[in-house]
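Numbering (this note's numbering), first residue to last: 38 to 402.
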Ligand code: 1HN
């Protein structure tokens, strides 16, 4: 150190601050953790609260250009007031009044909707219109025109999941309204289901469709049959009878950034606990049970939605000895796998399960 130019760490720190430079030696643990430490919290939203809020919005909020969708997002308390369920996933309950139209638009965020009650409503995606029934899964791949409408007197209600937080993090959002309120229907009713809905058989004159799933809608009757079939022969210790929705031509997930599951917890099932990188949003579809997340028990029944953050230890319970419980879920696993960041491990304890130390109470916190 020169005596003519005395220097100190204090002066160096100030110089770095002025120059917008930050030394690694003061931030290393913060930017390079030994393990994930997500701000996303395990959380649950009750069906009663979701339904009541959506119903009131149905009376008070009109659907106009700009708003486009009467969707109410799950705002995870760990997301700093943003309407994000996890750091990658946006999830919501959406309400469509009878005879209403949610206008056509397209965006780079990819989306799915899982129908809770279709009640005479439809979705049109790239000219292909499908009627929405309870338990149907509808895909909106990136930059595809889509609009929803109702042809009945009754309201429809469904769950939406989009990769909005990821899209915004990547500074990649684009959005465009369609010039018409509803796009023209160019396909036969349910065309993609009729062409591609028996996944192991494909129109002989066509090549496999690999850039996105050829199936626009996964009908509940098919999912239900696959669940019953699988339950009769096999199950997984951590997830019991779990099915991943796939692109029938690749076997891969329905979206590049997230994947969807339907799982059945057979009567009396208590799974083993494990944890993995990547975050998930669940909706209890039928029955009731509980998911234990990092020692806290989240009790759920049909319609409740809950979040499991990355690396949180979790296990599922269906305590009912007679009735199965069904969970629909969305996971950002494809993203982690594609980027070489997927890790998982079983929980280590004598019985492979966690000790329950707390009970989540809706409406607190
Ligand atoms: C959207 O298009 C839907 O199509 C739902 O149902 C939620 C949130 C932000 C932007 C577009 C839908 C959305 C959305």
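We treat Cβ as the ideally placed atom computed from N, Cα and C, and that holds for glycine.
Within a Cβ cutoff of 7 Å, which residues of the same chain sit near residue i, ignoring the five residues on either side of it in sequence?
i, result
"residue 122", "111, 113, 128, 318 and 344"
"residue 73", "314, 347 and 348"
"residue 204", "145, 146 and 210"
"residue 49", "none"
"residue 181", "143, 162 and 163"
"residue 220", "141, 161, 164, 182 and 184"
"residue 360", "304 and 324"
"residue 38", "Unreliable placement is indicated for residue 38, whose pLDDT of 49 sits below 50; the coordinate value is still reported in the next sentence. Here the set comprises 44."
"residue 156", "189, 191, 192 and 193"
"residue 268", "278, 301 and 303"
"residue 273", "279"
"residue 378", "314"
"residue 408", "Here the chain covers residues 38 to 402 and nothing more, so residue 408 does not appear."
"residue 246", "286"
"residue 31", "Nothing can be reported for residue 31: it is not among the residues displayed for the chain, which extend from 38 to 402."
Between the Cα of residue i and those of the options, spot the shortest distance and give me the residue it belongs to.
i, options, result
"residue 357", "332, 93 and 302", "302"
"residue 235", "286, 243, 265 and 198", "286"
"residue 262", "252, 155, 228 and 299", "299"
"residue 275", "350, 380 and 400", "350"
"residue 162", "178, 209, 171 and 279", "178"
"residue 198", "304, 380, 81 and 292", "292"
"residue 85", "354, 394, 368 and 339", "339"
"residue 105", "139, 56 and 202", "139"
"residue 100", "70, 65 and 141", "141"
"residue 216", "225, 200 and 184", "184"
"residue 120", "45, 131, 202 and 57", "202"
"residue 260", "222, 190, 57 and 230", "230"
"residue 132", "158, 116 and 117", "158"
"residue 186", "78, 107, 363 and 56", "107"
"residue 288", "270, 249, 271 and 254", "249"
"residue 226", "270, 384, 176 and 167", "167"
"residue 118", "137, 136 and 78", "78"
"residue 385", "331, 374 and 395", "331"
"residue 98", "137, 57, 239 and 329", "137"
"residue 376", "329, 62 and 294", "294"
"residue 258", "245, 171 and 222", "171"
"residue 396", "337, 63 and 240", "337"
"residue 363", "322, 154, 55 and 56", "322"
Using beta-carbon positions only, say whether residue i and residue j come within less than 8 Å of one another.
i, j, result
"residue 206", "residue 145", "no"
"residue 173", "residue 152", "yes"
"residue 91", "residue 194", "yes"
"residue 60", "residue 53", "yes"
"residue 264", "residue 252", "no"
"residue 393", "residue 334", "yes"
"residue 134", "residue 192", "yes"
"residue 316", "residue 125", "yes"
"residue 218", "residue 310", "no"
"residue 149", "residue 130", "no"
"residue 83", "residue 367", "no"
Output needed for residue i: all residues of its chain with C-beta closer than 6 Å, excluding positions within five of it in sequence on either side, in chain order.
i, result
"residue 320", "196, 342 and 365"
"residue 354", "307, 326 and 327"
"residue 88", "none"
"residue 255", "174 and 282"
"residue 214", "142"
"residue 224", "164 and 165"
Apart from the five residues on each side of it in sequence, which residues of its chain come closer than 8 Å, Cβ to Cβ, to residue i?
i, result
"residue 290", "281, 282, 283, 284, 296, 297, 370 and 371"
Taking 5 Å as the limit, name every residue whose beta carbon sits nearer than that to some heavy atom of the ligand GDP, in sequence order.
This structure lacks the ligand GDP; the ligands present are the ligand 1HN.
Ranges of the alpha helix (DSSP H) found wholly within the segment 58 to 100, counting only runs of at least 4
65 to 68 and 84 to 97
If we require 4 or more residues per run, which alpha helix (DSSP H) segments fall completely within the segment 168 to 256?
201 to 206 and 228 to 233
Residue ranges of each alpha helix (DSSP H) run of no fewer than 4 residues wholly in the segment 330 to 378, ordered along the chain?
Fully enclosed alpha helix (DSSP H) runs of no fewer than 4 residues occupy 370 to 375 of the segment 330 to 378, in order along the chain.
Any beta strand (DSSP E) of 3 or more consecutive residues that is wholly inside the segment 124 to 169:
127 to 133, 138 to 144, 148 to 154, 158 to 162 and 165 to 168
Ignoring anything shorter than 4 residues or poking outside the segment 279 to 331, list the alpha helix (DSSP H) runs there in chain order.
none
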